[in-house]
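Worksheet: the structure to be examined is printed underneath.
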Amino acid sequence: MASTSITDEPAALADADTAPSEAALRAHEDGLRRRESMLRIAVPAGIVIALLLAWEWMVRANNIPHYILPAPSLILRTLFDNWGSLSSALWFTVKLTLLALGAAIVGGVLLAIAFALFKWVEIGLFPIAVILQVTPIIAIAPLILIYVSSTTAALLLCAWIVAFFPILSNTVIGLKSADSNLRDLFQLYKASPWQTFRYLLAPSALPYFMAGLKIAGGLSLIGAVVAEFTAGTAGKETGLASRILESSFRTEIPMMFAALLLVSLLGIVIFIVFAALSRLVLGHWHESEMRRER
Numbered sequence: 055m056a057s058t059s060i061t062d063e064p065a066a067l068a069d070a071d072t073a074p075s076e077a078a079l080r081a082h083e084d085g086l087r088r089r090e091s092m093l094r095i096a097v098p099a100g101i102v103i104a105l106l107l108a109w110e111w112m113v114r115a116n117n118i119p120h121y122i123l124p125a126p127s128l129i130l131r132t133l134f135d136n137w138g139s140l141s142s143a144l145w146f147t148v149k150l151t152l153l154a155l156g157a158a159i160v161g162g163v164l165l166a167i168a169f170a171l172f173k174w175v176e177i178g179l180f181p182i183a184v185i186l187q188v189t190p191i192i193a194i195a196p197l198i199l200i201y202v203s204s205t206t207a208a209l210l211l212c213a214w215i216v217a218f219f220p221i222l223s224n225t226v227i228g229l230k231s232a233d234s235n236l237r238d239l240f241q242l243y244k245a246s247p248w249q250t251f252r253y254l255l256a257p258s259a260l261p262y263f264m265a266g267l268k269i270a271g272g273l274s275l276i277g278a279v280v281a282e283f284t285a286g287t288a289g290k291e292t293g294l295a296s297r298i299l300e301s302s303f304r305t306e307i308p309m310m311f312a313a314l315l316l317v318s319l320l321g322i323v324i325f326i327v328f329a330a331l332s333r334l335v336l337g338h339w340h341e342s343e344m345r346r347e348r
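According to the numbering used here, the residues represented by the sequence shown are 55 to 348, in order.
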């Protein structure tokens with residue numbers, strides 16, 4: 055018994071030494087991740103703050119009139135002073151963007167499934183989708199505004215056209231990228247079309263769909279703003295683009311910058327939301343969003 059305890063003693067000591075070292079290593083890795091996350095936020099924020107301070111100093115030092123280039127402090131003050139009208143315009147732009155994006159998701163996914171299942175549907179309709187994508191929306195927006203009686207519906211259609219193609223093309227690529235060996239395996243086990251779609255095609259297409267969604271989110275906002283620029287200030291409800299146009303007509307440059315700031319912030323929020331959604335959906339199983347040790 056004494057020899058057994060002596061033999062086991064080095065192993066026990068090794069285990070005791072290994073456990074703290076592994077815990078310390080994990081704590082060190084967690085600290086590195088937190089530091090990296092903080093740097094990803096702090097570095098861009100620091101650059102933006104430095105640029106804003108330089109902008110403020112340049113305007114004040116050179117006495118640049120506000121109708122040529124307003125200082126950031128004046129832009130923020132204008133934003134707060136006119137928040138009532140700007141907030142309603144922001145809400146209209148948000149609604150238009152989200153409705154167009156939702157319609158693009160539904161239409162793009164359904165048509166992508168039809169393309170993947172029926173070759174002749176893809177041959178017949180994909181060129182039309184390409185034509186809609188390559189034609190500048192600013193060129194066809196006036197025609198849409200002429201033929202569609204409702205201004206809001208016309209704006210929604212313009213934003214939908216811009217956001218539709220990334221969803222369609224990315225989802226089609228994802229559905230077609232499923233492993234051919236797995237397709238044969240599903241056929242061998244006589245899987246139903248629904249089982250094949252649920253367990254093979256959908257997981258294969260999901261990363262591509264999420265990539266297309268991040269692109270389409272920003273494009274739907276661009277489409278909504280461009281369409282409203284073309285429409286001018288027509289209609290009872292107007293968005294941020296109309297506020298920019300009105301301010302340019304009245305030479306209210308600080309108001310223009312305030313509305314432009316809201317458009318930019320909205321685009322940033324849309325991208326951050328969909329990037330976080332992509333990491334949430336794909337982070338546990340797909341290489342594109344999994345955290346790697348460095």
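For glycine and all other residues, C-beta sits at the position ideal for the given N, C-alpha and C.
- If you look at phenylalanine 172, you'll find it isn't in any alpha helix (DSSP H); DSSP assigns it neither H nor E.
- Of all C-beta pairs linking the region 224 to 238 to the region 258 to 268, three or more are shorter than 8 Å, placing the two stretches in contact.
- If you look at serine 246, you'll find it isn't in any alpha helix (DSSP H); DSSP assigns it neither H nor E.
- The three-state reading of DSSP puts tyrosine 262 in helix, counting H, G and I together.
- Contact between the region 168 to 183 and the region 299 to 312 is not established, with fewer than three Cβ pairs separated by less than 8 Å.
- Between the alpha carbons of isoleucine 194 and leucine 209 lies a distance of about 11 Å.
- Pairing alanine 166 with valine 226 gives a Cβ-Cβ distance under 8 Å.
- Of all alpha-carbon atoms in Ala330, Val317, Ile159, the one lying nearest the alpha-carbon of leucine 140 is that of Val317.
- Secondary structure at aspartate 238: helix, using DSSP grouped into helix, strand and coil.
- Closest option to methionine 264, judged by alpha-carbon separation, among Phe172, Leu319, Phe325: Phe325.
- By the neighbour-count criterion, in which 16 or more other beta carbons inside 10 Å mark a residue as buried, isoleucine 221 falls on the buried side.
- Counting other Cβ atoms within 10 Å of its Cβ, lysine 173 stays below 16 and is therefore classed as exposed.
- If you check the CB distance, valine 280 and isoleucine 191 come in under 8 Å.
- Taking C-beta atoms as the reference points, glycine 277 and cysteine 212 count as a pair closer than 8 Å.
- No residue range can be given for isoleucine 118, since it is assigned to no alpha helix (DSSP H) and is classified by DSSP as neither H nor E.
- At a Cβ-Cβ threshold of 8 Å, leucine 334 and serine 342 do not count as neighbours.
- Under the 8 Å Cβ criterion, the region 239 to 254 does not count as touching the region 309 to 316, having fewer than three qualifying pairs.
- Shortest Cα-Cα distance from tryptophan 214 to any of Leu152, Asp238, Thr284 involves Leu152.
- In the displayed model, glycine 271 falls within a helix according to three-state DSSP.
- In this structure, DSSP gives leucine 334 a helical state, which the three-state scheme calls helix.
- When secondary structure is reduced to three states using DSSP, leucine 315 falls in the helix class.
- Setting aside the 5 residues that flank it on each side, leucine 128 is surrounded in the same chain by His120, Pro308, each with a C-beta closer than 8 Å to its C-beta; the list follows chain order.
- Glutamate 110 has its alpha-carbon roughly 10 Å from the corresponding atom of asparagine 116.
- Within the same chain, Leu106, Trp109, Glu110 come within 7 Å of proline 126 by CB-CB distance, once the 5 residues on both sides are set aside.
- Just so you know, the alpha carbons of glutamine 241 and valine 188 end up roughly 38 Å apart.
- Proline 308 carries a helical assignment under DSSP once its states are collapsed to helix, strand and coil.
- As the crow flies, the alpha-carbon of leucine 150 is around 14 Å from that of isoleucine 159.
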